[in-house]
Amino acid sequence: MTAALTLPTSAAARDLATFVGRAQQLDGAGSIRLIADSGVLAAYVAVVVPKGLLDRGPTVLGLRTLALAAGECDAVVPLASFAARLERAGAPVAAFSDVQSTSIATEAEGPVDVGIPASTPSVVWSGIAPPRGGWSRLAPLPAELLGRVAREGAAEVAQAVPDAVGQHIVDRVRAEVWGRPIPEAEHVPAGAAFAAHALGFLGDDDVQQFASGSWLRLTTKRGHVLVKQGAWTLGR
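The sequence shown maps to residues 16 to 251 in this note's numbering.
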């Protein structure tokens, strides 16, 4: 394992910084799992996770993959610490209002070394691994549908949760809203739409769906949303 990852271009580093910036806005104290192997970096963040044993809601992860020039790792590190490493490498993490969408790195620039921070204490969601194969393609979903569900859900959460309310109430409201199935696609929780929208994965292209057992993957050219919802499988 190495103490740094080498991204092939400055544009790729800025792409990763955009993803990290959006994830930080969702959870400033959150973590990111970095898996680097065979020339590919997979960066996972949690958007919706169950709170406690009685929460039967889905686990929703965001995934961004990028080409990697060098380095290997499998580490879970604080988002804030990784953002600082990106800043030092010349790829500052933008504020949420400055981030319009996750970009696609295309510029031919020099390689960038990004340090890997010290690992964070155990994070429950990081031990949940989606399958690497066995995915079956389902019918695509329109990006407009997911964007609308995400915006309406965010407005509902904001209206239902005043600033002074306790964290347990916040968690309950979010679990109810984001665990709710999308009416036009009842196997997809609203939290998946929220993840795709908030992480900047939605564009003009349709959202491709794939399923493997209890896992669902929503894919665009900007990234992937992974959903684990034990009550649903392809065969049910």
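Built from N, CA and C at the ideal position, the CB exists for glycine as well.
If I measure Cβ to Cβ from residue i and keep anything under 6 Å in the same chain, skipping five residues before and after, which residues do I get?
i: A32; result: L101, A106 and V108
i: S227; result: P146, G149 and W150
Go to residue i, then tell me how far its alpha helix (DSSP H) extends in each direction, as first and last residue.
i: Q223; result: Note, Q223: premise wrong, no alpha helix (DSSP H); beta strand (DSSP E) at V222 to S227.
i: G168; result: A158 to A175
i: L31; result: S25 to L41
i: R189; result: Q182 to W193
Per DSSP, residue i is paired with what?
i: S134; result: Answer is none; S134 lacks a bridge partner.
i: D89; result: I50
i: G149; result: G149 pairs with nothing; no bridge assigned.
i: G239; result: A small fix is needed here, since residue 239 is His in this sequence, not Gly. In DSSP, H239 forms a bridge with L78 and T234.
i: V129; result: L20
Could you have a look at residue i and say whether DSSP puts it in helix, strand or coil?
i: E102; result: helix
i: V108; result: coil
i: L214; result: coil
i: L94; result: helix
i: A200; result: strand
i: A154; result: strand
i: A205; result: helix
i: G45; result: coil
For residue i, which residues in the same chain have their Cβ closer than 8 Å to its Cβ, ignoring the five residues on either side in sequence?
i: G125; result: T24 and S25
i: I184; result: V176
What span of residues does the beta strand (DSSP E) with residue i cover, start to end?
i: A58; result: V55 to V63
i: L22; result: A19 to L22
Report all residues from its chain with a CB closer than 7 Å to the CB of residue i; omit the five preceding and five following residues, and keep chain order.
i: L217; result: A158, L161, G162, A211 and T235
i: L241; result: L76, L78, P145, W230 and R232
i: S134; result: A90, V91 and V92
My understanding is that residue i touches residue j, with C-beta atoms under 8 Å, so please give their C-beta distance in whole angstroms.
i: L81; j: L22; result: 7 Å
i: A205; j: R195; result: 5 Å
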